Amino acid sequence: MIKKFLIPLLICFGSVATHADGLQDLEKFLREVDSGKSSFNQVVTSPKRANETVARSKTSSGTFEFLRPNRFRFVYAKPFEQTIVADGQTLWLHDVDLNQVTSRSQKEALGSTPAALIAAGTDLKGLSDAFELKAAPARDGMEWLEARPKDRNGQLQVVRVGFRQGQLSVLDIEDSLGQRSVLTFSNWQANAPLKAGDFKFQPPAGAAVIKP
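Read in order, the letters of the sequence shown are residues 4 to 215 in my numbering.
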């Protein structure tokens, strides 16, 4: 189920190539964009089981916003309501259907993840401590880069990042279980007027709060 792996997928960017459009786009994004808002669609595809002829997929959609350093919010509106908030210290996951909130140390939960890259990364040199970054061939009208974590023991295997005309467009994430999650962003508002207080999260009254 999507609910079970939203956090590990969202909540993983090494040696840097000397020249590549995709890397240049990422470098420019890190340098020039300090905050942003966007809509997104996410398609998660699981490997085929022995008795299946096609891979299983789940589609969801919502909104995303971030503010450097270390703050972001994913709001899933369909097919079920779920919110993931990083307030700079704590990572919160609110499952509306279950009326349940899970909180974890942001530093421990995020580490080197795609979400942390967008919200926390400031330059390619800093990212190279945790990831091997290299250019990937242009396709679908986008420039791409590929990121593989140096720590091979985690769930994340590779992240492919697509930029269209310098704007972050796609995160294509593959994990060690063979699951693939593709997030496509639209309606970007770069350098949106956000402030740290916008990312404060208060568990709803009556919600069960779990700290793993």
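C-beta atoms are modelled at their ideal positions from N, C-alpha and C, and glycine is treated no differently.
All of these numbers come straight from a predicted model, not from anything done at the bench.
Length of the line joining the Cα atoms of residue i and residue j
i    : j    : result
L197 : N54  : 48 angstroms
V46  : D175 : 10 angstroms
Q158 : P50  : 15 angstroms
E131 : L120 : Just to set this straight, residue 131 is Ser in the shown sequence, not Glu. Taking the straight line from one Cα to the other gives about 11 angstroms.
G181 : A139 : 20 angstroms
L171 : F188 : 7 angstroms
L26  : G144 : 16 angstroms
S108 : W147 : 31 angstroms
D126 : V185 : 24 angstroms
T66  : E149 : 24 angstroms
S179 : N156 : 9 angstroms
G91  : D201 : 11 angstroms
F77  : T56  : 33 angstroms
Burial state of residue i, where buried means 16 or more other Cβ atoms lie within 10 Å
i    : result
R34  : exposed
D154 : exposed
L101 : exposed
A199 : exposed
V164 : buried
R52  : exposed
R183 : buried
F16  : The predicted position of F16 is uncertain, since its pLDDT is 35 and thus under 50; no value can be drawn from it.
A23  : In this predicted model, A23 has a pLDDT of only 45, less than 50, meaning its place in the structure is not dependable enough to derive any value.
S41  : buried
E68  : buried
G124 : buried
7 angstroms Cβ shell around residue i - same chain, five flanking residues per side excluded
i    : result
V212 : V104, S106, P206
S63  : I5, Q45, Y79, K81, P82
K203 : D90
Cβ shell of residue i (< 6 angstroms), same chain only, five flanking positions each side left out
i    : result
R151 : E135, V161
Q85  : Y79, D98
R59  : S49
T93  : S106, Q109
Cβ shell of residue i (< 8 angstroms), same chain only, five flanking positions each side left out
i    : result
G169 : D28, K31, F32
Q210 : Here residue 210 is Ala; the residue named in the question, Gln, does not match the sequence. Correct list, in chain order: H97, N102, Q103, V104.
On the three-pair Cβ rule with 8 angstroms, is the segment 184-196 touching the segment 27-44?
-> Below 8 angstroms, enough C-beta pairs join the segment 184-196 and the segment 27-44 to call them touching: three or more.
Within the segment 75-137, ranges of the beta strand (DSSP E) (whole runs, at least 3 residues) = Here the runs fully enclosed are 85-90, 93-98, 103-108.
In chain order, which beta strand (DSSP E) runs of at least 3 residues are fully inside the segment 161-208?
-> 170-178, 183-193
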